[in-house]
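Structure record follows, encoded as structure tokens.
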Amino acid sequence: MRTLAGAFAAGLLAAAPVAQAELYYLIVGGLGGETTYEENFAAYTQSLAEAARRTVGEESRVAVLAGADASLEALRESLSGLAERAGETDSLAVFLVGHGSYDGSQYKFNLPGPDIDGNELGELLAGVPARTQLIVNATSASGAVLEDWSAENRTVITATRSGAERNATRFAEHWAEALSTDESDLDKNGVITAREAFDYASRKVADSYESEGTLATEHPQIAGDTAARFDVARLTARVADTPQMQTLITELEGLEEQIAALRLLRDEMPVEDYLAQLQDLLVQLALAQQQIDEAEAQ
1156 MRTLAGAFAA
1166 GLLAAAPVAQ
1176 AELYYLIVGG
1186 LGGETTYEEN
1196 FAAYTQSLAE
1206 AARRTVGEES
1216 RVAVLAGADA
1226 SLEALRESLS
1236 GLAERAGETD
1246 SLAVFLVGHG
1256 SYDGSQYKFN
1266 LPGPDIDGNE
1276 LGELLAGVPA
1286 RTQLIVNATS
1296 ASGAVLEDWS
1306 AENRTVITAT
1316 RSGAERNATR
1326 FAEHWAEALS
1336 TDESDLDKNG
1346 VITAREAFDY
1356 ASRKVADSYE
1366 SEGTLATEHP
1376 QIAGDTAARF
1386 DVARLTARVA
1396 DTPQMQTLIT
1406 ELEGLEEQIA
1416 ALRLLRDEMP
1426 VEDYLAQLQD
1436 LLVQLALAQQ
1446 QIDEAEAQ
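Heads up, the sequence shown is in my numbering, so the first residue is 1156 and it goes up one at a time.
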């Protein structure tokens, strides 16, 4: 007899090609204050935006707020827009770059003009119905919101262990690197998961302090159980330059969405059913990728 989880999984997988899930990005480069920080934050924000565009191949799904445009009102509007546009089957990745502050009770993300506090930002994020979310807060004092922002099917990454770590962080630089280097791609499949990116960035942060012989003033943290299944970046863009390639890429992306949907049900399914379905999809994925490779070589 079919289990409820197994039946649900089958229905979800069958529906995936019809209503393909989308990945949306929101990248915010906050207030720098000093010229060096302004330049650095702008560079990290641009690098993250390039990785996002390369991954989804569609400008409209990558929202970037930087410099004077990264205002409180603009951030509210962007998240409200995502709340209306993103569906329950979609995914959301939010990257916050800049300075944060913590007064012992309230975290704030520093923006040109009025700042936004952690409570309001958390509520805005919760208002986006995307099924899976990745929130990366690379600011100082970001650890203050780690617990508050944690939720089901959401991975939260912070640059610091707590709100007490208030020095400017190095995590954003290495997070941006992680989304564009094959050094972070441990399984060499051309796709960077949130877990791979976090491991790379946190290791680089620790190494930077150790090489200088100084005490680390930040300790990156991660919470949530979807990091290993959240594909946050691709190292190379998929170019659909012919009708044949477009068909093949659409098929491949459909299989990837089915695999992502199945992985979310891993804990609700009998192990045998999960592994059997996963193996079948992975074989189909490998064959689809082989066809793409052969088409590109022609």
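Virtual Cβ for every residue (Gly too), placed ideally from N, Cα, C.
As assigned by DSSP and simplified to three states, the class of residue i
i	result
V1376	Checking the sequence, you will find Gln at residue 1376 rather than Val. Residue state, collapsed to three classes: strand.
S1317	coil
R1309	strand
T1405	helix
K1343	coil
G1298	helix
Q1261	coil
V1183	strand
Unbroken alpha helix (DSSP H) run spanning residue i, endpoints
i	result
R1240	1227 to 1240
R1208	1190 to 1211
Cut-off 6 angstroms between Cβ atoms - residues of its own chain near residue i, not counting five sequence neighbours on either side
i	result
K1359	H1329
M1400	A1450
Neighbourhood of residue i by C-beta distance below 7 angstroms, restricted to the same chain and skipping five residues each side
i	result
F1326	A1293, A1314, A1356, V1360, E1373, P1375
V1387	A1248, L1289, L1334, I1347, T1348, A1349, A1352
A1204	I1182, V1217, V1219
L1436	L1410, Q1413, I1414, L1417
Classification of residue i by the beta-carbon crowding that lies within 10 angstroms, buried from 16 upward
i	result
S1260	exposed
Q1434	exposed
Q1445	exposed
Q1432	buried
S1339	buried
Beta-carbon separation (whole angstroms), residue i vs residue j, contact threshold 8 angstroms
i	j	result
L1234	L1279	4 angstroms
A1443	L1407	4 angstroms
A1296	Y1262	6 angstroms
G1379	T1310	3 angstroms
I1447	I1404	7 angstroms
I1312	I1271	Actually they are not in contact, since the Cβ atoms of I1312 and I1271 sit about 18 angstroms apart, beyond 8 angstroms.
Residue i: CB within 7 angstroms of a non-hydrogen atom of the ligand ZN
i	result
I1182	Of the ligands one can find in the structure shown there are none, so the ligand ZN has no counterpart to examine.
Residue range of the unbroken beta strand (DSSP E) whose run includes residue i
i	result
V1217	1217 to 1221
F1250	1246 to 1252
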